[in-house]
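Written below as structure tokens is the structure these notes are about.
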Amino acid sequence: MSEVKFSKEHEWITLEGDVATIGITKHATEMLGDIVFAELPEKGSIVEKDGTAGVVESTKAASDVYTPVSGEVVDTNQAIVDDPSKINEDPEGSAWFFKLKMKDQSEMDSLMNKEEYDKFAKESAS
Amino acid sequence: MEIKKTSLNKLHQSNNAKFVEFAGYEMPIQYSKGIIEEHKFTRSNSGIFDVSHMGQLFIYGDESLTEELEKIFPLDLKNLKQNCSKYSFLMNEDAGIYDDLIITKIEEGYLIILNAACKDKDFEILSNLLGSKFKMNLDNNRSLIAIQGPKSVEILNPIINGVDQLNFMTGNWFDSNNQKLFVTRSGYTGEDGFEISISNDKAEKFVENLIERGAQLIGLGARDTLRLEAGLCLYGHELDINKTPVEANLRWAISKSRLSNGGFIGSKKIMNQMQDGASQIRVGIKPEGRLIAREKTKIFDDTDTQIGEITSGTFGPSVNGPIAMGYVNKKFSKVDTKILLEVRGKKHPANVCALPFYKKNYVKGVN
Chain A
1 MSEVKFSKEH EWITLEGDVA TIGITKHATE MLGDIVFAEL PEKGSIVEKD GTAGVVESTK
61 AASDVYTPVS GEVVDTNQAI VDDPSKINED PEGSAWFFKL KMKDQSEMDS LMNKEEYDKF
121 AKESAS
Chain B
127 MEIKKTSLNK LHQSNNAKFV EFAGYEMPIQ YSKGIIEEHK FTRSNSGIFD VSHMGQLFIY
187 GDESLTEELE KIFPLDLKNL KQNCSKYSFL MNEDAGIYDD LIITKIEEGY LIILNAACKD
247 KDFEILSNLL GSKFKMNLDN NRSLIAIQGP KSVEILNPII NGVDQLNFMT GNWFDSNNQK
307 LFVTRSGYTG EDGFEISISN DKAEKFVENL IERGAQLIGL GARDTLRLEA GLCLYGHELD
367 INKTPVEANL RWAISKSRLS NGGFIGSKKI MNQMQDGASQ IRVGIKPEGR LIAREKTKIF
427 DDTDTQIGEI TSGTFGPSVN GPIAMGYVNK KFSKVDTKIL LEVRGKKHPA NVCALPFYKK
487 NYVKGVN
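Taken in sequence, the protein lines are chains A and B. Residue numbers for the first sequence follow our numbering, beginning at 1 and rising by one. Residue numbers for the second sequence follow our numbering, beginning at 127 and rising by one.
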């Protein structure tokens with residue numbers, strides 16, 4: 001599995017073969033608060049880099065989830081739809097959102113590594 | 127304009143509050159445990175709310191003040207006993223609501239608790255209506271602390287002896303540590319609880335004492351989920367200048383004895399609507415599944431005709447599901463009516479339901 005990469009919209013992504021797994025970062029869940037609703041893209045749908053690919057809602061507000069890369073949705077995580085509090089519990093592990101079959105793996109190149117993202121998150125929070 | 131702070135601001139900070147601006151004040155939206163934990167703690171234990179941003183308006187006067195206030199409010203104030211509170215509205219001639227409020231008859235006159243965002247305008251309106259005959263004081267030297275939840279009485283009573291003898295919607299002056307506190311048994315959560323008016327310089331110490339005895343600070347986020355589960359209106363959402371108390375389904379708050387003769391501001395419209403019914407009415411709404419329908423969500427019938435709009439919607443932690451309130455055309459206001467909510471371009475099924483979503487019994491007949 002590849003190194004974890006991060007987007008400015010606070011998604012994380014890992015790549016295995018040509019299938020990317022995408023979720024939202026722990027930092028994002030801390031900003032959102034208690035998550036009470038999740039909507040995921042439909043299996044088989046095509047999503048475009050930086051386009052919306054889902055929604056999360058906290059007790060306070062709704063937020064779009066973006067996809068950091070383009071591709072076809074090959075799997076979604078029904079467990080977080082059934083129990084959205086799992087997203088707060090394990091955002092960067094078992095509470096992944098969807099898996100994409102990537103078109104163009106070079107889209108990964110512009111994303112941040114952990115160190116860069118941590119710095120970005122710290123700066124954008126202040 | 128510079129943001130205002132309550133006398134508990136430092137205490138909020140030291141309890142890791144996340145702040146938001148609310149009605150010109152820097153207020154805690156939540157603390158480190160988060161909205162759901164804070165909500166549940168209030169329901170099972172005892173939550174402390176800083177509501178010092180709200181207006182505490184003292185109006186001093188005797189029977190002549192009562193007479194003047196009856197020309198304004200739809201209440202039978204002549205027969206209101208001293209230390210009893212009523213929920214009411216400040217309205218315009220069309221019965222549009224300037225503010226919703228709690229008015230308590232006290233020995234010196236009346237104490238009216240006003241919404242933070244409305245209090246200055248309310249003061250102006252009431253000053254114009256009452257003239258200079260009565261002394262009015264929108265008291266900025268007092269903080270207002272609410273303590274809510276089933277354990278509140280056992281936490282508060284050792285500090286302010288005798289509050290356990292108050293019935294719901296009554297209040298009184300109490301002495302505690304050589305200071306005069308006005309305490310009412312009331313609240314905005316659907317739980318038993320109290321609201322304490324206390325001088326600013328004593329507020330922090332008082333709240334620290336409550337925390338030492340097991341109560342916890344709760345932010346505005348949980349205050350909103352708690353009041354929504356209890357089916358209570360929030361000014362600026364369920365209530366505004368374009369809505370009347372009848373439309374808001376709050377006719378219970380209008381004294382029956384005032385309906386035959388009117389004589390309060392907005393009485394004509396109220397009496398007409400009481401007779402003919404209002405064309406739109408506030409209802410409870412439960413979306414099916416987990417979908418949350420926020421404020422401004424459009425409501426449709428099954429023929430694609432818009433029949434209303436959501437005014438508040440969130441996830442109810444004690445209900446463990448999404449809940450909302452909104453206005454619908456009268457013919458769709460019956461409980462169990464199927465409606466559709468348009469969220470992110472798609473229509474989702476929901477049901478009109480009875481309010482409140484969550485019910486507990488308030489304390490009556492203590493004495």
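Where a beta carbon is used, it is the ideal one built from N, C-alpha and C, also for glycine.
{"Query": "Using only the alpha-carbon positions, how far apart do residue 17(A) and residue 363(B) sit?", "Result": "51 angstroms"}
{"Query": "When the cut-off is 8 angstroms and only beta carbons count, does residue 358(B) lie next to chain A?", "Result": "no"}
{"Query": "By the 10 Å Cβ neighbour count, where 16 or more other Cβ atoms means buried, how is residue 257(B) classified, buried or exposed?", "Result": "exposed"}
{"Query": "Does the segment 338–358 of chain B come close enough to the segment 312–325 of chain B to have 3 or more Cβ pairs within less than 8 angstroms?", "Result": "yes"}
{"Query": "Please determine if the segment 151–161 of chain B and the segment 220–231 of chain B are in contact, where contact requires at least 3 C-beta pairs separated by less than 8 angstroms.", "Result": "no"}
{"Query": "Can you tell me whether residue 113(A) is buried or exposed? The criterion is at least 16 other CB atoms within 10 Å of its CB, across all chains shown.", "Result": "exposed"}
{"Query": "Which residues in chain A have a C-beta closer than 9 angstroms to the C-beta of residue 354(B)? List them in chain order.", "Result": "Those within 9 angstroms of residue 354(B) in chain A number zero; the least Cβ separation is about 10 angstroms."}
{"Query": "Does chain A have any CB closer than 8 angstroms to the CB of residue 470(B)?", "Result": "yes"}
{"Query": "Within the segment 242–320 of chain B, note down every full beta strand (DSSP E) run reaching 3 residues or more, in order along the chain.", "Result": "261–264, 268–274, 297–302, 305–310"}
{"Query": "List the endpoints of the continuous alpha helix (DSSP H) containing residue 66(A).", "Result": "Here residue 66(A) belongs to no alpha helix (DSSP H); instead the beta strand (DSSP E) covers 62–66."}
{"Query": "Could you list which residues in chain B have their beta carbon closer than 8 angstroms to that of residue 86(A), in chain order?", "Result": "None at all; the shortest Cβ gap to chain B is about 13 angstroms."}
{"Query": "Suppose you measure from the CA of residue 307(B) to the CA of residue 324(B); what does that come to, to the nearest Å?", "Result": "5 angstroms"}
{"Query": "Looking at C-alpha atoms only, which residue of 438(B), 134(B), 418(B), 452(B) is the closest neighbour of residue 268(B)?", "Result": "134(B)"}
{"Query": "Can you tell me where the alpha helix (DSSP H) with residue 446(B) in it begins and where it stops?", "Result": "From DSSP, residue 446(B) is part of no alpha helix (DSSP H); its letter is neither H nor E."}
{"Query": "How about residue 34(A): is its C-beta nearer than 8 angstroms to some C-beta of chain B?", "Result": "yes"}
{"Query": "Within 8 angstroms (strictly less), CB to CB, does residue 441(B) reach chain A?", "Result": "yes"}
{"Query": "Bridge partners for residue 6(A) per DSSP, in chain order?", "Result": "12(A), 112(A)"}
{"Query": "Between which two residues does the alpha helix (DSSP H) holding residue 332(B) run?", "Result": "326–338"}
{"Query": "Give every residue of the same chain whose Cβ lies closer than 6 angstroms to the Cβ of residue 242(B), excluding the five residues on either side of it in the sequence, and list them in chain order.", "Result": "149, 179, 180"}
{"Query": "Is any beta-carbon of chain B found at less than 8 angstroms from that of residue 55(A)?", "Result": "yes"}
{"Query": "Determine whether the Cβ of residue 122(A) lies closer than 8 angstroms to any Cβ atom of chain B.", "Result": "no"}
{"Query": "Classify residue 423(B) as buried or exposed, calling it buried when 16 or more other Cβ atoms lie within 10 Å of its own Cβ.", "Result": "buried"}
{"Query": "Around the Cβ of residue 350(B), are there at least 16 other Cβ atoms within 10 angstroms (buried) or fewer (exposed)?", "Result": "buried"}
{"Query": "Specify whether the segment 231–241 of chain B and the segment 99–107 of chain A touch according to this definition: at least 3 beta carbon pairs, one from each stretch, less than 8 angstroms apart.", "Result": "no"}
{"Query": "Name the residues in the segment 154–177 of chain B whose C-beta lies less than 9 angstroms from a C-beta of chain A; which are they?", "Result": "155, 156, 160, 161, 162, 163, 165"}
{"Query": "Can you name, in chain order, every residue of its own chain whose Cβ lies under 7 angstroms from the Cβ of residue 368(B), other than the five neighbours on each side?", "Result": "222"}
{"Query": "For residue 388(B), which residues in the same chain have their Cβ closer than 7 angstroms to its Cβ, ignoring the five residues on either side in sequence?", "Result": "394, 397"}
{"Query": "Of all the residues that make up the segment 1–30 of chain A, which are near chain B by a beta-carbon distance shorter than 7 angstroms?", "Result": "none"}
{"Query": "Quick check on this structure: which residue in 401(B), 385(B), 391(B), 449(B) has the alpha carbon closest to the alpha carbon of residue 414(B)?", "Result": "449(B)"}
{"Query": "How would you label residue 284(B), buried or exposed, when you count the other beta carbons within 10 angstroms and need 16 or more for buried?", "Result": "exposed"}
{"Query": "Counting contacts by CB-CB distance shorter than 8 angstroms, is residue 49(A) in contact with chain B?", "Result": "no"}
{"Query": "Could you say which of 210(B), 261(B), 343(B) lies nearest to residue 299(B) if we only look at CA atoms?", "Result": "210(B)"}
{"Query": "Could you tell me which of 32(A), 23(A), 68(A) sits nearest to residue 77(A), measuring between CA atoms?", "Result": "23(A)"}
{"Query": "What's the call for residue 289(B), buried or exposed, on a 16-neighbour Cβ count within 10 Å?", "Result": "buried"}
{"Query": "Using DSSP with H/G/I as helix, E/B as strand and the rest coil, what is residue 145(B)?", "Result": "strand"}
{"Query": "Taking CB distances under 8 angstroms as the criterion, tell me whether residue 37(A) reaches chain B.", "Result": "yes"}
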